[in-house]
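Asks: Take a look at this one; I'll ask things after.
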């Protein structure tokens, strides 16, 4: 790579390691097929991994890799200076593009992780919460259609690293975060793909045992948490391997340590306290989040910081204040063991059991319940699990069955 | 702006000056209207001016500013690792996007100037010449339809600055290039817009005098140049102010010092020697270019460097080896006076008279000749003028009329 490129190095790791990580993302993650068009969503500050992913995809025979760099300062300018209509608006070709990604059976890769800190801190939280671009609702349609093989993976940046490791110097923090991300993603194993298959098999076993039980509801109990969450008759637990309608296996998230399903959006009652800060995009964080549910709906949202932004997000549409996902995470994964808050959902949700406001993955219920799962233009995960949060299954007969105790499966 | 953004500063000028330049680009240049969607094509390394332009467009009432960052290393990966079909291919949504820009009467802004040097130097010139993305032919259609108000302006980068000023240290070179660009663009005037209107009026006068003459052909004579170029019966000289079909005035280029028309693509005979290096995109340069034309077609292309890339570009389609534009530039403009080679068409073409291979601007001929102008998927300008290149008009009666002598209008 030419030293004269004007973007600072974001990867203090050997080029070969970067390439191994890119290969894992493109191969096991998105499982890019020869002749496929690949959409790659990335961000300024992630240039080196972006380029390694592009090269890897072309080496696997991609027909074209279409790269979109997000610039948080462009979003900042829209929120600061844009008219009211500029906040909700996005041009028609973005919708067409996402729908064509599905129609044309493309692969999709996203590089997440905090790109730049502090860019949105001083902005109007209501405008900030309304502005979701470049996330647009058509992505949920394409995901639910199962027409694209896709993955999201993390790309360390200095800003992200100093958020996660505030006590380290920026360079050390970045090196430490890279080390953690590569460890979590099993890139430090001789054969990362084989290591992942061992873990993915264990997750499949957990979901099978949950599916055998067919609980009517789950009960979460812990400090500040006493929530009963109903499941649908056909709610089916899934784990990190997905298949497209054409049978292409892919990992929507790297890492993935969760097993998840769609709950009944009309049955959530009680109080839940988030066990990790909630990353709201672009470095905005809600901490100390506490939510009270009645009849499935969030009726009170409080937090130490970011409460207004969460409330605004949950007010976007009818389904935004109801739950679309419940996920259970044991303590065997590599994220939880690091005892690190990553301030990014992709990592934190794999450290702890969690819920998500907004849209459900319809594939996790049977045909007869597809009209009952939650619908929304948002999907916002927040962590509620931990070693001191017990998860108990409630059968249709009312029997209580321990599911997770101190992060360990009981079934 | 937050100091923590991971892109290095590209603008060693006061924020207020950057904003003045952005206002000129958005205002006099693209003339963005309230409620318009703006497409902004930019490149990594141009973040600061990009963000200033976005803010300016929103302040003028833009409905949305859609920013596309080009990464030359992504293109490099495609040319290095992509299959043969990856080179010519671009996804359908890019075509749809450009056509919708026209249908929806959007504004378009492009920031040019060398982004990163040396990225393509070691690549196969034939593959490099075939790969034009993100330039796609639909842009020429939208330009010729006159449905978008648009402008292209320059954004200095360190790589560009050290190419133009190899004897200066990078920081000095960048400061010098910014100073030159701001001077050329009249941003150093108290009222840049008023200064531009004075120059634009002078260009209008020159084009009126050329149009009164209705020459049948032009003769270029100078060192290594003896070329006779036919004009069409309705070839009409135009200059830098354009109007959309809805009457929105805009400057397609800032700076603009030229008056131009579409020649007869079947009548170019003789030899022409380029008087400036030809920038082929991404830092690739053809120098010492010498071309022999017969019956309008380039039949011999030689150069000290880059000949193969120019030949490959001219072999793309039937019209790629014929001429679509002839432009005359006097020595009164600010580019020529600096006696600097900018290695970028936007600036160099305004220092000297030039020709362009490929597509014509159909608006510069009457209805009856629109079927006769050159058509191609390329448009590649190359400079042929200078103080020692005489331009002579040839009337239909065969009379020879001096047009430019030592860069000064004779008519």
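Chains as they are written, first to last, in this note's numbering: chain L, 1 to 411; chain U, 1 to 411. Built from N, CA and C at the ideal position, the CB exists for glycine as well. Since the structure is predicted, the reported quantities are computational estimates derived from the model, not experimental observations.
1) Looking only at C-alpha atoms, which of U:23, U:385, U:74 and U:391 sits nearest to residue 215 of chain U?
2) Taking the beta carbon of residue 262 of chain L as the centre, do at least 16 other beta carbons fall within 10 Å, making it buried, or is it exposed?
3) Given a threshold of 16 other Cβ atoms within 10 Å of its Cβ, counted over all protein chains shown, does residue 170 of chain U qualify as buried or as exposed?
4) State the DSSP-derived secondary structure class of residue 132 of chain L, mapped to helix, strand or coil.
5) Which residues in the same chain have their Cβ closer than 8 Å to the Cβ of residue 136 of chain L, if we skip the five residues on either side of it in sequence?
6) So that I know if they touch, is there some Cβ in chain L lying closer than 8 Å to that of residue 412 of chain U?
7) DSSP puts residue 154 of chain U in a beta bridge; with which residues?
8) Between residue 329 of chain U and residue 258 of chain U, is the Cβ-Cβ spacing less than 8 Å?
9) With 16 as the cutoff for other CB atoms within 10 Å, does residue 395 of chain L come out buried or exposed?
10) Applying a beta-carbon distance threshold of less than 7 Å, which residues of chain L neighbour residue 93 of chain U?
11) Mark residue 13 of chain L as exposed unless 16 or more other C-beta atoms lie within 10 angstroms of its C-beta, in which case mark it buried.
12) Identify the continuous beta strand (DSSP E) that holds residue 290 of chain L and give its terminal residues.
13) Determine the chain U residues that contact residue 47 of chain L at a beta-carbon separation under 8 Å, and present them in chain order.
14) I need the DSSP call for residue 120 of chain L, collapsed to helix, strand or coil.
15) Does any C-beta atom of chain L lie closer than 8 Å to the C-beta of residue 354 of chain U?
16) In terms of alpha-carbon separation, which member of L:108, L:121, L:235 and L:44 lies closest to residue 207 of chain L?
17) Strictly below 7 Å CB to CB, what residues from chain L border residue 64 of chain U?
18) Below 7 Å between beta carbons is the criterion; list the residues of the segment 260-288 of chain U that meet it against any residue of chain L, in chain order.
19) Pull up the DSSP beta-bridge partners for residue 218 of chain U, would you.
20) Check whether the segment 308-324 of chain U touches the segment 367-387 of chain U, taking contact to mean three or more Cβ pairs, one atom from each stretch, closer than 8 Å.
21) Below 8 Å between beta carbons: does that hold for residue 254 of chain L and residue 61 of chain L?
22) Can you find the residues in the same chain that come closer than 8 Å, C-beta to C-beta, to residue 305 of chain U, ignoring five residues on each side of it along the sequence?
23) Give a yes or no on whether the minimum CB-CB distance between residue 77 of chain L and chain U is below 8 Å.
24) Assuming residue 178 of chain L and residue 156 of chain L form a contact by the criterion Cβ under 8 Å, report the distance between their Cβ atoms to the nearest whole angstrom.
25) Where does residue 171 of chain L fall in DSSP's three states?
26) Within 8 Å of any Cβ in chain U, is that where the Cβ of residue 83 of chain L sits?
27) With a cut-off of 8 Å, does the C-beta of residue 153 of chain L fall near any C-beta of chain U?
28) Could you check what DSSP says for residue 31 of chain L in three-state terms: helix, strand or coil?
29) So the beta strand (DSSP E) residue 379 of chain L belongs to, where does it begin and stop?
30) For residue 260 of chain U, which residues in the same chain have their Cβ closer than 8 Å to its Cβ, ignoring the five residues on either side in sequence?
31) Determine whether the beta carbon atoms of residue 380 of chain U and residue 356 of chain U lie at a separation below 8 Å.
32) The beta strand (DSSP E) spanning residue 192 of chain L covers which residue range?
33) Report, in whole angstroms, the separation of the C-beta atoms of residue 372 of chain L and residue 232 of chain L, which I expect to be a contact under 8 Å.
34) Nearest chain U C-beta to residue 113 of chain L closer than 8 Å, yes or no?
35) Contact criterion: CB-CB distance below 8 Å. Does residue 67 of chain U meet it with respect to chain L?
36) For the segment 26-39 of chain U, enumerate the residues whose C-beta is nearer than 7 Å to any C-beta of chain L, in chain order.
Replies: With the structure as the only source:
1) Stepping through the second chain from its first residue, residue 215 of chain U is reached at position 215. Residue 215 of chain U has its Cα closest to that of U:391, out of U:23, U:385, U:74 and U:391.
2) What you label residue 262 of chain L is simply residue 262 of the first chain in a count that begins at 1. Taking all protein chains shown into account, residue 262 of chain L has 16 or more neighbouring C-beta atoms within 10 Å of its C-beta and is therefore buried.
3) Within the second chain, the letter at position 170 stands for residue 170 of chain U. The residue in question, residue 170 of chain U, is exposed, as its Cβ has fewer than 16 Cβ neighbours within 10 Å.
4) Working through the first chain from its first residue, we reach residue 132 of chain L at position 132. Coil at residue 132 of chain L, not helix or strand.
5) As a position in the first chain, residue 136 of chain L is number 136, starting the count at 1. Cβ neighbours of residue 136 of chain L within its own chain (closer than 8 Å, five residues either side excluded): 90, 94, 95 and 98.
6) For chain U, the structure presents residues 1 to 411; residue 412 of chain U sits outside this window and is missing.
7) Here residue 154 of chain U refers to the residue found at position 154 of the second chain. Answer is U:112, bridged to residue 154 of chain U.
8) Within the second chain, the letter at position 329 stands for residue 329 of chain U. Within the second chain, the letter at position 258 stands for residue 258 of chain U. With contacts defined by Cβ atoms closer than 8 Å, residue 329 of chain U and residue 258 of chain U form a contacting pair.
9) On the first chain, residue 395 of chain L is found 395 positions in, with the first residue counted as 1. By the 10 Å Cβ count, residue 395 of chain L comes out exposed.
10) Position 93 of the second chain, counted from the start, is the residue given in the question as residue 93 of chain U. 93, 96, 97 and 100, listed in chain order.
11) The count along the first chain starts at 1 and reaches residue 13 of chain L at position 13. That one is buried.
12) Along the first chain, read from residue 1 onward, the residue named residue 290 of chain L stands at position 290. Segment 290-294, the beta strand (DSSP E) holding residue 290 of chain L.
13) Position 47 of the first chain holds residue 47 of chain L. Under the 8 Å cutoff, chain U gives 44, 71 and 73.
14) The count along the first chain starts at 1 and reaches residue 120 of chain L at position 120. DSSP places residue 120 of chain L in coil when its eight states are reduced to three.
15) Residue mapping note: residue 354 of chain U aligns to position 354 of the second chain, counting from 1. For residue 354 of chain U, not one C-beta of chain L is nearer than 8 Å to its own C-beta.
16) On the first chain, position 207 is the one that residue 207 of chain L refers to. Considering only alpha carbons, the answer is L:235.
17) One-based indexing of the second chain puts residue 64 of chain U at position 64. Neighbours of residue 64 of chain U on chain L, chain order: 86, 89, 90 and 91.
18) Taking 7 Å as the Cβ-Cβ cut-off against chain L, none of the residues of the segment 260-288 of chain U qualify.
19) Your numbering for residue 218 of chain U matches position 218 in the second chain. Residue pairing from DSSP places residue 218 of chain U in a beta bridge opposite U:229 and U:393.
20) Judged by Cβ distances under 8 Å, the segment 308-324 of chain U makes contact with the segment 367-387 of chain U, as three or more pairs qualify.
21) As a working note, residue 254 of chain L is residue 254 in the first chain. As a working note, residue 61 of chain L is residue 61 in the first chain. No.
22) One-based indexing of the second chain puts residue 305 of chain U at position 305. Closer than 8 Å at Cβ, skipping near neighbours: 285, 286, 287 and 288.
23) Taking the first chain and counting its residues from 1, the one referred to as residue 77 of chain L is at position 77. Chain U contact via Cβ: present.
24) As a first step, residue 178 of chain L is located in the first chain; it is residue number 178 there, counting from the start. As a first step, residue 156 of chain L is located in the first chain; it is residue number 156 there, counting from the start. The pair is a contact, with the Cβ atoms about 5 Å apart (cut-off 8 Å).
25) Numbered from its first residue, the first chain carries residue 171 of chain L at position 171. Looking at residue 171 of chain L - three-state DSSP - the assignment turns out to be helix.
26) Within the first chain, numbered from 1, the residue matching residue 83 of chain L stands at position 83. Among the CB atoms of chain U, one or more fall inside 8 Å of the CB of residue 83 of chain L.
27) The residue labelled residue 153 of chain L in the question sits at position 153 within the first chain. Output row for residue 153 of chain L: interface = no.
28) In the first chain, residue 31 of chain L corresponds to position 31, counting from 1. When DSSP states are grouped into helix, strand and coil, residue 31 of chain L belongs to the coil group.
29) Taking the first residue of the first chain as 1, we reach residue 379 of chain L at position 379. Following the DSSP letters along the chain, one finds residue 379 of chain L inside the beta strand (DSSP E) bounded by residues 379-383.
30) The count along the second chain starts at 1 and reaches residue 260 of chain U at position 260. Residues 237, 238, 239, 325, 326, 327, 328, 361 and 364 of the same chain have their beta carbon placed closer than 8 Å to that of residue 260 of chain U, with the five preceding and five following residues left out of the count.
31) Translated into the one-based positions of the second chain, residue 380 of chain U becomes position 380. Translated into the one-based positions of the second chain, residue 356 of chain U becomes position 356. Contact annotation: residue 380 of chain U and residue 356 of chain U have beta-carbon atoms nearer than 8 Å.
32) Translated into the one-based positions of the first chain, residue 192 of chain L becomes position 192. Careful: residue 192 of chain L lies outside any beta strand (DSSP E), inside the alpha helix (DSSP H) at 192-213.
33) Taking the first chain and counting its residues from 1, one reaches residue 372 of chain L at position 372. Taking the first chain and counting its residues from 1, one reaches residue 232 of chain L at position 232. Rounded, the Cβ-Cβ distance is 6 Å, consistent with contact.
34) Looking up residue 113 of chain L in the first chain gives position 113. Interface with chain U (8 Å Cβ-Cβ cutoff): residue 113 of chain L is excluded.
35) Position 67 of the second chain, counting from 1, holds the residue named residue 67 of chain U. It does: the Cβ of residue 67 of chain U has a partner Cβ on chain L nearer than 8 Å.
36) Within the segment 26-39 of chain U, the qualifying residues are 37.
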